[in-house]
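Under the working numbering, think of the first position of the sequence shown as 38, with each following residue one higher.
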Amino acid sequence: MKPYDTAIVIGGGAFGTSVAFVLAYNFRQVVVKVRSRDVYDAMLEGENSVYLPGIPLSPQIVPALTWEEATKEGKVELIVMALPTMALFSYCRENTKELNVFLKKGIPFVSLSKGIDPETLELPDELFFRYFKSFQDQFCFLSGPSFAKEILDKQITLVTLAGRSRPVLDKTALMLSTDFFKVFKSYDVKGVLLGGALKNVIAIAVGIAEGRGLNHNTRAALITRAIREMLRFGFIYNARPETFYGLSGMGDLILTATGELSRNKQFGFELAKGRCPKEIIASQRSVVEGYKTAKSIYLLSKKYAVQCLLFQLVYKILYEELPLEKAIKILIDTPPRFEIEI
């Protein structure tokens, strides 16, 4: 007997599917609300062959194309948003009425989005609270080192769930916990969101470096210096420094910058081969969050005068066609300074 009835996951990409897989251990039914007919048809056959081919899904996971289909049976006890950050604003605007129905019932809402909106420079919590300001305590934000495929392989995975309300965090963490998926709780929403967004940009930098033949020494240096730059953005948002040394900061950064399953790292690797960013993005269906986030973080660095050479160089490579060799030379030619300088 499952302890909970129905969860709805909005978005049928790789990570949304993997979280649906986790929820199926605790929910009688997990409805994945998808936008694409091919994903819907594939999941009806018990597999998300579009994003995660060859991996069977639990029979409790069912797809839906409409809200009517998603809510036709069962008591909904959890909503999970698994759309890319750049899609949140328009989705919330177009579905405010439907989402309000759940929030007014006190149902927890979990966001999986990792990014910063390039138009508004808002983090996911700010985007949601534009439309659902009265329900801020019901929102939680999940982040941490977690490749979708390895979750589906039931590899032991530790993540962070951030929110404002202790009761909501406690309840939601139980809904998400299994014997291979462990949830730690945090009140530092900004720190958790920043870690999840910024690490994607650094993963692109590491992919570029490795694609140019720079290996372990360079990767370790990039990761270490990236944490310092991430902390500087954390100060702007009053995020807790220790958050950046936890699962949603250092943990996620290490995974994304070293793991071969990282889309952002592979994107950087392709850039190093001489391909242009738009060509790479147009050739694949999965979203590379770091591409848009690089622009957002560059604009934020200008707005708040943040010293962040790594992030600025990635932006210039992606959006201003800065040659890779020149970017590497700029990085190496920076004057020596004390390492502990903030």
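We treat Cβ as the ideally placed atom computed from N, Cα and C, and that holds for glycine.
- In this structure, Val87 lies near Ala79, with their beta-carbon atoms less than 7 angstroms apart.
- Look at the beta carbons and you see the stretch 205-221 not touching the stretch 240-257: under three pairs across the two are nearer than 8 angstroms.
- In the assembly as shown, Lys112 is an exposed residue. Its beta-carbon has fewer than 16 other beta-carbons within 10 Å.
- Under the Cβ criterion (8 angstroms, minimum of three pairs), the stretch 91-108 does not count as touching the stretch 143-151.
- DSSP places Gln303 inside the alpha helix (DSSP H), whose first and last residues are 300-309.
- Rounded to whole angstroms, the separation of the alpha carbons of Lys208 and Tyr62 is 15 angstroms.
- One alpha carbon belongs to Ala119, the other to Pro373, and they sit about 43 angstroms apart.
- From the listed residues Pro314, Pro96, Arg265, Cys313, the smallest Cα separation to Cys345 is found for Arg265.
- Every beta strand (DSSP E) of 3 residues or more that sits fully in the stretch 122-189 is shown, in chain order, as 146-148, 176-180.
- Excluding sequence positions up to five before and after Gly83, its CB lies within less than 6 angstroms of the CB of Pro93, Leu94, all in the same chain and listed in chain order.
- In the same chain as Leu140, and ignoring 5 residues on each side of it, the C-beta atoms closer than 7 angstroms to its own belong to Phe146, Phe169, Phe172, Gln175, in chain order.
- Comparing alpha carbon positions, the residue from Thr122, Val68, Ile98, Val226 closest to Gly327 is Thr122.
- Runs of the alpha helix (DSSP H) lying entirely within the stretch 55-102 and spanning at least 4 residues, in chain order: 74-81.
- Taking C-beta atoms under 8 angstroms as the contact rule, Gln349 and Ser333 fail to qualify, at a distance of about 13 angstroms.
- Counting along the chain, Gly200 sits inside no alpha helix (DSSP H); it lies in the beta strand (DSSP E) bounded by residues 194-200.
- For Lys219, the enclosing beta strand (DSSP E) stretches over residues 218-223.
- In chain order, Val46, Val117, Ala119, Leu149 place their CB closer than 7 angstroms to the CB of Val56, counting only its own chain and leaving out the 5 sequence neighbours on each side.
- Here DSSP, grouped into helix, strand and coil, assigns Leu359 to coil.
- Between the stretch 176-184 and the stretch 290-297 there are three or more inter-stretch CB-CB distances shorter than 8 angstroms, so the stretches are counted as touching.
- Residues of the same chain with a CB within less than 8 angstroms of the CB of Gly296, apart from the 5 flanking positions on each side, are Phe184, Lys302 in chain order.
- When beta bridges are read from the DSSP output, Leu115 appears opposite Ala44.
- With respect to the C-alpha of Arg203, the residue from Asp225, Val343, Thr157, Tyr352 having the closest C-alpha is Asp225.
- In this structure, Val325 sits away from Phe306, with a CB-CB distance that is not shorter than 7 angstroms.
- For Glu266, the enclosing alpha helix (DSSP H) begins and ends at 253-273.
- At a Cβ-Cβ threshold of 7 angstroms, Ala234 and Gly152 count as neighbours.
- Residue range 203-213 is occupied by the alpha helix (DSSP H) that includes Met212.
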